[in-house]
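Under this note's numbering, the residues of the sequence shown are numbered 696 to 911, in order.
Even glycine gets a Cβ: it sits at the ideal position worked out from N, Cα and C.
Working notes for the structure below.
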Amino acid sequence: MTENQNQTEYQYTNSWFLGTAKNVWDQLIPQINPTRILEIGSYEGASTCYLIDSLSATKSIEIHCVDTWEGEIEHKPGGSAVSDMSAVEQRFLHNTSLSLSKARNKCELISHKGYSDKELAKLLASGRDNYFDFIYVDGSHQAADVLCDAILSFRLLKTNGVIAFDDYLWAEPLPYGVDPVRCPKPAIDAFTNIYCRKVRIISAPLYQIYVQKVSD
Ligand SMILES: C[S@@+](CC[C@H](N)C(=O)[O-])C[C@H]1O[C@@H](n2cnc3c(N)ncnc32)[C@H](O)[C@@H]1O
């Protein structure tokens, strides 16, 4: 590949988004048709660019990306899948710039670099409760963090808006097997149980869970 081609093509090093979300999103995103989007966990921007490419073709959108660009536990020094996260962040910047340059309508991308608990709390404190139409929760996969992301996301979501949780069935590969608090499922289950009078689960393939807010 020439240097020129490299600059005009997306640079992704994995197929997480293609493998889990894309097929469902092809059906669901046009139905939700979100204008204000929050993404927790952007990595190289695969899901971000999908949303910009598909939605900004027909209307203006606002998309907020929250990420530490430090990786998850397994990407950090000593983890099982250590990654060069500064190169990941550079690819996010390249990919989203490319996507924004192709947008046919106004697209405002706001990056919030930091831990999601603090960044979501700041969004709430800035008056963005009941603000977002679609929230993608794909940041930390530790149960306590996912529970915090779920509860703060519910506050930030408009009534009728949708939260998508990635990796419902994912568990960290550990030498001693599955640790029940080092995976998202118990947190997503706790959230959907406790909020059962305020949310409904949208029928979709099981690897992700889609939850619509039906009342505040
Ligand atoms: C699985 S990746 C996101 C993948 C991306 N949505 C995609 O489709 O390609 C998870 C991201 O969450 C970020 N992350 C992990 N824990 C976080 C936390 N507590 N707060 C903010 N970001 C976090 C990591 O830095 C990583 O970039």
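- At least three beta-carbon pairs within less than 8 Å, the stretch 824 to 832 to the stretch 796 to 803: Flag = no, the stretch 824 to 832 and the stretch 796 to 803 do not touch.
- Message: Give me the DSSP bridge partner(s) of V857.
- Response: F829, Q907
- Query: Smallest Cα separation from S742: which of K853, S821, G809, N709?
  - Reply: N709
- Message: Going by beta-carbon coordinates alone, are I805 and Y863 separated by less than 8 Å?
- Response: no
- Message: Excluding the 5 residues flanking E704 on each side, which residues of the same chain have their C-beta closer than 7 Å to its C-beta?
- Response: none
- Task: Report yes if the CB atom of L842 is closer than 8 Å to the CB atom of L733, and no otherwise.
- Result: no
- Message: I believe A964 touches L847 by the beta-carbon criterion, under 8 Å. Please report the beta-carbon distance rounded to the nearest angstrom.
- Response: Residue 964 is absent from the model: the chain starts at 696 and stops at 911.
- Message: Considering only their Cβ atoms, is the gap separating F860 from V832 smaller than 8 Å?
- Response: yes
- For V894, which of helix, strand or coil comes out of DSSP? strand
- What does a CB cutoff of less than 6 Å around E757 pick up in its chain, not counting 5 residues either side in sequence? R731, E803
- Item | Continuous beta strand (DSSP E) stretch holding V876: start and end | Run containing V876: none; DSSP gives neither H nor E here.
- Item | Closest residue to W993 among N855, S811, L746, P875 (Cα-Cα distance) | Residue 993 lies beyond the residue range present for the chain, which begins at 696 and ends at 911; the question has no answer from this structure.
- Query: How would you write the range of the alpha helix (DSSP H) that E784 sits in, first residue to last?
  - Reply: 780 to 797
- Message: Once the 5 residues before and after S910 are set aside, which same chain residues still bring their CB inside 8 Å of it?
- Response: T854, R892, K893
- Item | Cα-Cα separation, S914 to L723 | Nothing in the structure corresponds to residue 914, since the chain is present only between 696 and 911.
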